[in-house]
Structure formats: C-alpha cells, structure tokens
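The sequence shown: position 47 = 57 (this note's numbering), numbered continuously.
Cβ coordinates follow ideal geometry from the N, Cα and C atoms, glycine included.
First comes the structure, then the notes that go with it.
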Amino acid sequence: MAGGDTAEEIAELKAEPGKDLVAAGGTEFMHSLIKLGVVDEYRLWVLPAVTGKGAPLFPELDQAVNLRLVKSTAFPSGILELVYTPA
C-alpha cells in the first residue's frame with residue numbers, strides 16, 4: 011500500500027524484480043500518474059459505440075506527451091486495442 015510520495019513509491023516498485031506493474035484506479039489516480047510521467051505504456055481500447063459522456067481520458071498537461079504506437083490489434087467484435095509508449 012502506497013502512503014508516501016507517489017513518484018517515489020512508483021520508482022521503488024519499478025526497481026524491484028518481477029513482472030510489469032499494472033495501475034488500476036479512478037480517473038484522478040490515472041491523471042496523477044500521467045502528470046508525474048511514470049506511465050511506460052498506454053493500452054487504449056476503442057469500442058464500437060459512442061455514449062457522448064464520461065470523464066476525460068487524459069488530464070490537462072503543461073506540455074504534450076508524444077506517444078509512439080507499438081502495437082495495434084483489431085478484434086472481430088470491432089474493438090481496437092492500441093498500445094503506445096512515450097516517444
């Protein structure tokens with residue numbers, strides 16, 4: 011459980027041996043990770059539906075985060091998975 015500085019906690023977890031870290035949480039938590047620049051990979055799923063509402067995926071940033079597409083997968087259902095890393 012993280013209780014200190016988020017960037018320091020993430021750096022410590024990344025330094026440990028083992029598998030990849032997967033962040034799951036609410037919009038505010040995800041926005042904080044993006045703003046801190048600790049996200050190594052973005053996995054975006056584009057669904058074949060439009061609702062016209064919802065929370066913004068990315069926070070307002072002081073400068074753009076350039077991304078590089080590393081993989082894309084189209085599923086028979088019409089879902090498209092896009093995997094990006096910071097450029």
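* **Three-state secondary structure (DSSP) of L43** => Of the three classes helix, strand and coil, the one that applies to L43 here is helix, per DSSP.
* How far does the alpha helix (DSSP H) with E70 in it reach, from first residue to last? -> Careful: E70 lies outside any alpha helix (DSSP H) and carries neither H nor E.
* Asked: Beta carbon of S82, beta carbon of E70: below 8 angstroms?
  -> Judged by beta-carbon spacing, E70 lies beyond the 8 angstroms limit of S82, meaning their Cβ atoms are not closer than that value.
* **A25, DSSP secondary structure in three states** => helix
* When the Cα atoms are used, what is the spatial distance from I89 to G47? -> 27 angstroms
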